Amino acid sequence: MDTLYTLNTAKPSLIQPHIFPLEEEIEELFSVPADNAVATNELDNAITLLKFEGNEIVYDLIAKDFLEYVSGGDLAFLPVFSSDTIGYAQTRGFLLFNIKSKKFIYYFICEELEEYILDVAVVDAEKRHFVFEIECYDDDISKAIPESNKILKIADLSSETGKILATIQIGKKDNWAVQDKTIFVYYQNTLTALNTDFESVEHPLVTFFNKQKETFRRLNQLYIHPSLPFAVLVEIDCKINKDYVVWIVSWESEKQQFFKMLTKNKTFDFEFSPDGKWLIFRDKTQKASKYILMPVNSELPHFLGSPITLGEIPYPETTAWTTNPLSFVVSEGDRILKWDLTNITVQKVS
1034 MDTLYTLNTA
1044 KPSLIQPHIF
1054 PLEEEIEELF
1064 SVPADNAVAT
1074 NELDNAITLL
1084 KFEGNEIVYD
1094 LIAKDFLEYV
1104 SGGDLAFLPV
1114 FSSDTIGYAQ
1124 TRGFLLFNIK
1134 SKKFIYYFIC
1144 EELEEYILDV
1154 AVVDAEKRHF
1164 VFEIECYDDD
1174 ISKAIPESNK
1184 ILKIADLSSE
1194 TGKILATIQI
1204 GKKDNWAVQD
1214 KTIFVYYQNT
1224 LTALNTDFES
1234 VEHPLVTFFN
1244 KQKETFRRLN
1254 QLYIHPSLPF
1264 AVLVEIDCKI
1274 NKDYVVWIVS
1284 WESEKQQFFK
1294 MLTKNKTFDF
1304 EFSPDGKWLI
1314 FRDKTQKASK
1324 YILMPVNSEL
1334 PHFLGSPITL
1344 GEIPYPETTA
1354 WTTNPLSFVV
1364 SEGDRILKWD
1374 LTNITVQKVS
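So the sequence shown is numbered by this note's numbering: it starts at 1034 and just counts up by one.
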């Protein structure tokens, strides 16, 4: 099967970032429901908006010292899911914070000290249902290396106390993703779709993938477009660390098919823009790390247009998105890089 695209390392950036030096080093950024702004929880034990105004960043402190540790620990941030509330996980707990009213609730998601939150995603924003990926360590002192496994928990956080709705155990190397209140879990080269009670449900992606699964080696990444019927799958040859293959799987009713998007690469950290019009990912095939941008095009059978190199970013810390305008933002610690994607013109399919 022919490969759709190649990553041309000699191609210059189509758009250059706007660079903003920082007054203090910031590693953690997250998206917020505010125009042309991101936020951090690293300054002054507070949540602070970073507003992009012209060539400057305006710092707007939202709330300070409302927790003993507003930052710290292992953090996992949610994308924007509400018009006024942000959420992030912090080692064993999870914070919901209303940036307008300044009211907040902190939930303890992990029941044991050996549990740690690895990731969190929105299952149903309206009902405040979230899924947590949790690593569980066995601290048996008789073992030279503690063993670990993972569980997924769905939590209803619509009340002050919250409650766990469902829990399942998954393998250490299993991958999962969420689309439209359905949780997809990849285990032992088999894909399963689950509802919010972790009950198996039918889905065309699952049916199609499992019929074709002998085509794929082990998947180490799984990304599903939030609204269109396609997913990005990344498989890896464990013997050759850079031998990644990126696939696009489409499950349109009359066009269920898969495409080999990239080969012989090392790509990761894929994410779709909040409006679903762009796919961004990091490429470390060469020594220098760079970000690659691809337009989402529903007129194409494989949904993704040609890759655009944004530029080398040697030491990215975290990423976030702004809205109005839509921009991709990267923290390098001592500075922020911001790409405005609103005015990019992409050639239409003829």
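For every residue, glycine included, the Cβ atom is placed at its ideal position computed from N, Cα and C.
This structure is a prediction, so every number in the text was calculated from the model and none was measured.
On the DSSP letters alone, give me the boundaries of the beta strand (DSSP E) that L1389 sits inside.
One cannot answer for residue 1389 here, as it falls past the ends of the chain, which runs 1034 to 1383.
For N1222 and I1167, I'd like the C-alpha separation in whole angstroms.
Going from the Cα of N1222 to the Cα of I1167 covers about 21 Å.
So, is Y1256 buried or exposed, given that buried needs 16 or more other C-beta atoms within 10 angstroms?
buried
Check for me: the alpha helix (DSSP H) holding P1328 runs from which residue to which?
Unbroken run through P1328 is the beta strand (DSSP E), K1323 to P1328; no alpha helix (DSSP H).
Mind listing, in chain order, the continuous beta strand (DSSP E) runs of no fewer than 3 residues lying wholly within the region 1345-1379?
1352-1355, 1360-1364 and 1366-1373
Across which residues does DSSP place N1131 in a beta bridge pair?
T1118
Roughly how many whole angstroms lie between the Cα atoms of N1131 and D1230?
Cα to Cα, the separation comes out at about 28 Å.
Apart from the five residues just before and just after F1085, which ones in its own chain have a Cβ nearer than 6 Å to its Cβ?
N1069
Please report how far the alpha carbon of D1035 lies from the alpha carbon of K1097, in whole angstroms.
55 Å
From the DSSP output, read off the bridge partner residues of P1054.
R1368
What is the rounded straight-line gap between the Cα of N1298 and the Cα of A1210?
22 Å
Give every residue of the same chain whose Cβ lies closer than 6 Å to the Cβ of F1242, excluding the five residues on either side of it in the sequence, and list them in chain order.
L1224
Terminal residues of the continuous beta strand (DSSP E) containing Q1202?
K1196 to I1203
Can you tell me which of the three DSSP states N1182 falls into?
strand
Should the region 1331-1339 be called in touch with the region 1050-1062, which here means at least 3 C-beta pairs below 8 Å?
no
Do you know offhand how far G1344's Cα is from I1325's?
8 Å
Measuring CB to CB, does V1153 end up less than 8 Å from H1162?
no
Check the DSSP bridge columns for T1315 and list the partner residues they point to.
Note that residue 1315 is Arg in the sequence shown here, rather than Thr. In DSSP, R1315 forms a bridge with F1301 and Y1324.
Please state whether DSSP places K1310 in a helix, a strand or coil.
coil
How about V1362 and L1062: are their beta carbons less than 8 Å apart?
yes
Identify the continuous alpha helix (DSSP H) that holds F1241 and give its terminal residues.
P1237 to Q1245
Give the single residue among L1370, G1106, D1189 and E1144 whose Cα lies nearest to the Cα of D1353.
Residue 1353 is actually Ala in this sequence, not Asp. For A1353, the nearest C-alpha among the options comes from L1370.
Is the beta carbon of V1265 sitting closer than 8 Å to the one on F1217?
No, they are not a contact pair.
Between the C-alpha atoms of E1145 and S1364, what's the straight-line distance to the nearest angstrom?
Their backbone Cα atoms lie some 33 Å apart in a straight line.
Kindly identify the DSSP beta-bridge partner or partners of E1086.
E1089
Taking the alpha-carbon positions, what's the F1249 to S1360 distance?
The straight-line gap from Cα to Cα measures roughly 34 Å.
Just to confirm, is the Cβ distance from W1284 to P1358 under 8 Å?
no
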